[in-house]
Amino acid sequence: MAKEVIGVVVSDKMDKTVIVQVERQILHPLYGKPVKKWSKFVAHDPENKCGLGDKVKIKPCRPLSKTKRWKVVEIIERAKTEKLLLKEEEELL
């Protein structure tokens, strides 16, 4: 089976679709210094659970549209957004 990757949701504006940015570190071919590079993947989120800034695990799947070839497997960590912080405060009171 293909490799699962972990990334951060950078856009959730589309219905049932998120854009996930995956960061990796490589060595510069000439200087040998570690350099960060990233790729953006369009992933399927069938239940619209992912939010902006969430850390998610995605895996490849069959083509679902012109650009969508990845599927969200799980949400590893939720982003601390204003809505979540307000909800937590209300629960404490």
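No gaps in the numbering here: position 41 of the sequence shown is 42 in the numbering used here, and each next residue is one more.
Quick reminder that beta carbons are idealized off the backbone N, C-alpha and C, glycines included.
In three-state terms, what does DSSP make of residue i?
| i | result |
| --- | --- |
| Leu31 | coil |
| Lys88 | helix |
| Glu78 | strand |
Taking the C-alpha atoms as reference points, what is the distance between residue i and residue j?
| i | j | result |
| --- | --- | --- |
| Leu94 | Lys41 | 40 Å |
| Leu65 | Glu48 | 15 Å |
| Ile76 | Lys58 | 6 Å |
| Leu53 | Leu86 | 14 Å |
| Asp13 | Glu5 | 20 Å |
| Gln22 | Arg63 | 20 Å |
| Ala80 | Glu90 | 16 Å |
| Ile7 | Lys50 | 16 Å |
| Val19 | Glu92 | 29 Å |
According to DSSP, which residues form a beta bridge with residue i?
| i | result |
| --- | --- |
| Arg25 | Lys38 |
| Val11 | BP columns for Val11 are empty, so no partner. |
Discussion item. Could you tell me which whole beta strand (DSSP E) segments of length 3 or greater appear in the stretch 43-76?
Written reply: 56-61
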